[in-house]
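Asker: Residue 243 is where the sequence shown starts when you use this note's numbering, and the numbers rise one by one after that.
Where is the CB? At the ideal position from N, CA and C, for every residue including glycine.
Quick caveat, the model's predicted, so the values are computed rather than measured.
Could you have a look at this structure, given as structure tokens, before my questions?
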Amino acid sequence: MLPALLLALLLAVTACGGGDSGSGSAAESSDSAAFPVTVTGSNGEVTLEEQPESIVSLSPSATEMLFAIGAGDQVKAVDDYSNFPEDAPVTDLSGFTPNAEAIAGYEPDLVVLSNDQNGIVDALDALAVPTLLLEAAVGVDDTYAQIETLGEATGHPEEAGEVVAEVQERITEAVESVPDDVEGMTVYHELGPELYSADSSTFVGSIYAMFGLENIADGPGEAAGGYPQLSPEYVVSEAPDLIVLADTKCCEQSAATVAQRPAFATVPAVTERRVLEADDDIASRWGPRIADFAEAVAESLQG
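Below, the structure is given as structure tokens:
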């Protein structure tokens, strides 16, 4: 089974770079009268007495959400993997080996995390730093809920609602744009050239299910927590109709490198040119750019 830290790295963000779409920060909401507010995260209820003005995000997905809803100007520091949008204030803070004192050095009035590594939530609580834990989404509805939670927590509920509505509309249009015969086609999602994959119980797997695709990792995934390592022979024998590469930036994989693997040239996804060279970051995060990913999948299925 893939080591926990390596898997976390694969799913959080695996490469540097990123475009500038959605990187702008809208003006802060003037309705600070909505505070105090109480929101609920994976660590329970969190009460914010005033609109936060110094946010630290140690989650690349949360960072993207915060900027998308117009709270970017309130974000003072992000972790070293939060590489999108381009104007995010990247620091050497780590979400995988977090240090409470280093985080507190930014004098945050809100810290957003996606995991409780090293007991960081309790450590920040001991320092009286408001902390909101938003764990990795397991379905698209979790993304919507987290965007709305961050909207409430930062004073941007209306903007958050607009972002959710836009993402929902784009995903719906993407799903509806593919031919009817896509239903029942098979997909192989590649996390790395070692052939680690993700089954339907994972977040990215839930997106494939929306298109009616059957995931070849579903059988092996049950015994591997959703992320099995497949053999080349198994992948070839399953003859996936669509291959999605989420290792293009980290590991320089491409449709060409896949076709060069032994026997892969016979796989329908290769012969029919349905190998999606995805952006590693977009394919691994559960922020607003899931709409970009759904549209890329739809485009591959329309060909």
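Out of curiosity, what's the CA-to-CA distance linking Ser479 and Val509?
Answerer: Each residue's alpha carbon lies about 8 Å from the other.
Asker: Please confirm whether any heavy atom of the ligand MG lies closer than 8 Å to the CB of Gln502.
Answerer: The ligand MG is not among the ligands present in this structure, which contains no ligands whatsoever.
Asker: From Leu375, Ala319 and Gly529, pick the residue whose C-alpha is nearest to that of Glu295; which is it?
Answerer: Ranking Leu375, Ala319 and Gly529 by Cα distance to Glu295 puts Ala319 first.
Asker: Looking only at its chain, what residues have a beta carbon closer than 7 Å to the beta carbon of Val405, apart from the 5 residues adjacent to it on each side?
Answerer: These residues qualify, in order along the chain: Ala310, Ile311, Ile389 and Pro530.
Asker: According to DSSP, is Val477 helix, strand or coil?
Answerer: Residue state, collapsed to three classes: helix.
Asker: With three or more C-beta pairs closer than 8 Å as the rule, is the stretch 480 to 498 touching the stretch 516 to 531?
Answerer: A contact exists between the stretch 516 to 531 and the stretch 480 to 498.
Asker: Find out if the Cβ-Cβ distance for the pair Glu306, Phe326 is shorter than 9 Å.
Answerer: Cβ distance < 9 Å, so Glu306 and Phe326 count as in contact.
Asker: To which residues does DSSP link His431 through a beta bridge?
Answerer: DSSP output for His431 lists Val486 as bridge partner(s).
Asker: Would you say Tyr348 faces chain B, with C-beta separation under 9 Å as the test?
Answerer: Included in the structure is just one protein chain, with no chain B present.
Asker: Between Ser419 and the rest of its own chain, which residues show a CB-CB distance below 7 Å, the 5 nearest in sequence each way excluded?
Answerer: Within the same chain, Ser419 has close Cβ partners Ala540 and Gln544.
Asker: Pro372 and Thr282: beta carbons closer than 9 Å?
Answerer: Against a cut-off of 9 Å, the Cβ pair of Thr282 and Pro372 comes out as no contact.
Asker: According to the neighbour-count rule (16 or more other Cβ atoms, all chains shown, within 10 Å of its Cβ), is Glu432 buried or exposed?
Answerer: So Glu432 counts as buried.
Asker: Between the C-alpha atoms of Thr391 and Glu400, what's the straight-line distance to the nearest angstrom?
Answerer: Each residue's Cα considered, the two are about 11 Å apart.
Asker: At the level of alpha carbons, what is the spacing between Thr414 and Asp483?
Answerer: The alpha-carbon atoms of Thr414 and Asp483 are separated by roughly 22 Å.
Asker: Would you grab the beta carbon distance between Ala379 and Thr385 for me? Rounded to a whole angstrom, and I think it's under 8 Å.
Answerer: Confirmed, Cβ separation roughly 5 Å.
Asker: In angstroms, rounded to a whole number, what distance separates the CA positions of Glu270 and Leu308?
Answerer: Because the pLDDT at Glu270 is just 41, under 50, the model does not fix this residue reliably, and the point stays unresolved.
Asker: Suppose only complete runs of 3+ residues qualify. What are the beta strand (DSSP E) ranges in the stretch 319 to 395, listed by chain order?
Answerer: Taking only runs of at least 3 residues, the beta strand (DSSP E) segments lying wholly in the stretch 319 to 395 are 352 to 355 and 373 to 375.
Asker: Could you tell me whether the Cβ atoms of Val347 and Asp321 are closer together than 9 Å?
Answerer: According to the sequence displayed, residue 347 carries Gly and not Val. Against a cut-off of 9 Å, the Cβ pair of Asp321 and Gly347 comes out as no contact.
Asker: May I ask you to report which of helix, strand or coil DSSP gives Thr444?
Answerer: Three-state DSSP puts Thr444 in coil, outside helix and strand.
Asker: Have a look at Met452 and Leu487 and give me their C-alpha separation to the nearest angstrom.
Answerer: Roughly 19 Å between the two C-alpha positions.
Asker: Measure the alpha-carbon distance for Thr339 versus Asn360 and round it to whole angstroms.
Answerer: Thr339 and Asn360: Cα-Cα distance of roughly 7 Å.
Asker: Could you check what DSSP says for Gln544 in three-state terms: helix, strand or coil?
Answerer: In the structure shown, Gln544 sits in a helix (DSSP, three-state: H, G or I).
Asker: Please report the distance separating the alpha-carbon of Ser448 from that of Ser356.
Answerer: Their backbone Cα atoms lie some 19 Å apart in a straight line.
Asker: Who are the Cβ neighbours of Ser284 in its own chain at under 6 Å, not counting the five residues just before and after it?
Answerer: If we look at Ser284 and ignore the five residues flanking it on each side, its Cβ neighbours are Leu375 and Glu377.
Asker: Would you mind stating whether Tyr438 and Pro470 have Cβ atoms separated by less than 9 Å?
Answerer: Yes.
Asker: Start and end of the beta strand (DSSP E) containing Ser299?
Answerer: Residues Ile297 to Ser299.
Asker: What's the gap between the Cα of Ala466 and the Cα of Ile458?
Answerer: So the alpha carbons of these two residues sit roughly 14 Å apart.
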